Amino acid sequence: MATSNEFKALSKAFSGHNINGQQKATSNEFHALTKAFSGLGVDEKSFITILGKWDTKQRQFYRKNTQEFFKEDERQFERWDEAHVLQVRQEFLRLKDAVVVYTMHPWERDARLIKEALVKEAQPQHHIIIETAATRSSEQLLGARRAYHSLFEHSIEEDIASHIHTPERNLLVGLVSSYRYEGPRVDEELAKSEAKEFLKAIKDSGKKELIEDEEIVRILSTRSKLHLKALYSYYKQISGNYFDEELGGSLILKQTVECLCTPQTYFSKILDASLRLDVDEPARDSVTRVIATRVDEDIKQIAQEFHKRNGTTLTNKIEEIANGSYKEFLLALVAKSA
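Structure follows, in structure tokens:
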């Protein structure tokens with residue numbers, strides 16, 4: 001984004017000192033076009049109305065004075081910054097990707113999300129596997145596993161085992177292969193006992209990584225969500241802190257506990273971290289993933305949690321950061337739960 005001084009300079013230039021008559025562009029046009037290149041999605045209307053009427057000199061002036069987007073080449077022309085070209089192309093595709101994710105069958109959607117998370121070896125996205133496995137119902141997860149068989153002719157468990165060779169592999173395999181009890185019964189005494197096991201494991205965590213503790217992995221990957229929420233509550237009573245607050249540097253375990261016990265908090269954090277201008281592409285993709293996958297589940301509760309945590313509504317944040325038709329699509333999805 002251009003600085004305020006750059007805006008002032010360009011506003012003065014666009015007011016007619018450098019370009020006269022019908023060739024001049026207003027400072028509002030510069031603001032609008034720069035914003036259209038920024039944020040999530042693109043403002044298609046601004047591209048059409050502004051670029052459609054700018055002549056060669058106006059476009060050249062814009063290139064010369066928008067150094068974030070264009071670089072002066074040694075052969076005396078202004079060229080697009082390669083990274084920004086890629087980003088603009090991705091932003092034009094963002095609406096299409098959102099529509100595809102939203103209209104896809106949930107089983108296929110989740111299977112493809114897990115596959116994509118596995119093959120991005122340069123940027124491991126284990127949190128997407130955790131998120132998908134831990135926030136779906138048993139039947140939804142089973143459906144995703146079936147779809148994965150059809151689409152990729154492998155099992156999810158098989159691909160996790162072949163792609164991931166770090167300690168979290170056992171936890172991830174356990175999560176995706178789980179078929180949890182979803183009835184109302186909770187064994188309170190067992191939940192209390194396992195809360196004590198968790199506390200002991202954390203106190204002894206200097207001896208080995210918590211992610212390698214077989215009992216913790218077993219409990220997180222097999223117990224019902226109601227049981228785990230009871231365990232979560234009992235742990236707070238025993239230790240004074242919630243379990244995920246005492247996991248130290250084990251981000252994988254923190255994400256697992258949040259997704260199983262407080263999913264709305266987890267998703268609101270993801271949206272808060274993603275609805276920003278200065279984030280990388282995987283973070284930008286998270287906005288589509290969270291809203292499109294939770295719109296028929298708990299987007300209303302996620303929006304409430306977002307408001308509570310950030311002091312602004314999810315709708316207002318989307319209005320601030322997103323652009324064009326992509327913004328309108330996100331707002332329409334969020335409004336469905338209002």
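Just so we're aligned: the sequence shown equals residues 1 to 338 in our numbering. Ideal Cβ positions, reconstructed from N, Cα and C, are used throughout, including at glycine. Model, not experiment: these values are computed from the prediction.
Contacting residues, own chain, Cβ-Cβ under 6 Å from T132 (five flanking each side not counted): Looking up residue 132 in the sequence shown gives position 132. Hits under 6 Å: D110, L113 and I114.
Between the CA atoms of Q304 and V334 - distance to the nearest angstrom: If you number the sequence shown from 1, residue 334 lands on position 334. If you number the sequence shown from 1, residue 304 lands on position 304. Straight-line Cα distance between these residues: approximately 11 Å.
V295 versus C259, P106, D73 and L95, residue with shortest Cα-Cα distance: As a first step, residue 295 is located in the sequence shown; it is residue number 295 there, counting from the start. Looking at C259, P106, D73 and L95, the one whose alpha-carbon comes closest to that of V295 is P106.
Proximal residues to I160 (C-beta, below 6 Å), its chain only, five neighbours per side dropped: In the sequence shown, residue 160 corresponds to position 160, counting from 1. Setting aside the 5 residues that flank it on each side, I160 is surrounded in the same chain by L172 and V173, each with a C-beta closer than 6 Å to its C-beta; the list follows chain order.
Contact under 8 Å by Cβ, I219 with E246: Against the sequence shown, residue 219 aligns to sequence position 219. Against the sequence shown, residue 246 aligns to sequence position 246. When the beta-carbon positions are compared, I219 and E246 stay at least 8 Å from each other.
F70: first and last residue of the uninterrupted beta strand (DSSP E) it sits in: Counted from its first residue, the sequence shown places residue 70 at position 70. It spans F70 to E72 - the beta strand (DSSP E) in which F70 sits, taken as one unbroken run.
Residue-chain proximity (F306, chain C), Cβ-Cβ < 8 Å: The structure shown contains no chain C; it holds only a single protein chain.
7 Å Cβ shell around D191 - same chain, five flanking residues per side excluded: Residue numbering aside, residue 191 sits at position 191 when the sequence shown is read from its first letter. For the sequence presented, residue 191 should be read as Ala rather than Asp. Excluding positions up to five away in sequence, the list reads H227, A230, L231 and Y234.
Beta-bridge pairing of A322 - partner residues as DSSP gives them: If you number the sequence shown from 1, residue 322 lands on position 322. For A322, which the question treats as bridged, DSSP gives the partners L40.
Own chain, CB closer than 6 Å to T262, minus 5 neighbours either side, in chain order: Within the sequence shown, residue 262 is the residue found at index 262, counting from 1. Cβ within range, chain order: n/a, list empty.
Local conformation of L10 per DSSP, three classes: Your numbering for residue 10 matches position 10 in the sequence shown. Reliability fails at L10, whose pLDDT of 42 lies under 50, so the model's placement of it is uncertain and the value that follows must be treated cautiously. If DSSP states are grouped into helix, strand and coil, L10 belongs with the helices.
Paired residues, beta bridge with W373 - DSSP: Any answer about residue 373 is impossible in this case: the structure gives the chain only from 1 up to 338.
Cβ contact (3+ pairs, closer than 8 Å) linking the region 88 to 100 and the region 135 to 151: With the cut-off at 8 Å, the region 88 to 100 and the region 135 to 151 do not touch.
Beta-carbon proximity check, A134 vs L175, cutoff 8 Å: Here residue 134 corresponds to residue number 134 of the sequence shown, with the count starting at 1. Here residue 175 corresponds to residue number 175 of the sequence shown, with the count starting at 1. Here A134 is near L175, since their CB atoms are less than 8 Å apart.
Nearest-angstrom Cβ-Cβ length linking I128 and T256, presumed shorter than 8 Å: Within the sequence shown, residue 128 is the residue found at index 128, counting from 1. Within the sequence shown, residue 256 is the residue found at index 256, counting from 1. Not confirmed; about 13 Å, so no contact.
Residue environment, E215, which counts as buried when at least 16 other CB atoms sit within 10 Å: One-based indexing of the sequence shown puts residue 215 at position 215. Counting Cβ neighbours within 10 Å, E215 comes out exposed, since fewer than 16 surround it.
Alpha carbon of F198 to alpha carbon of S337, nearest angstrom: By one-based count along the sequence shown, residue 198 stands at place 198. By one-based count along the sequence shown, residue 337 stands at place 337. C-alpha separation (whole angstroms): 37 Å.
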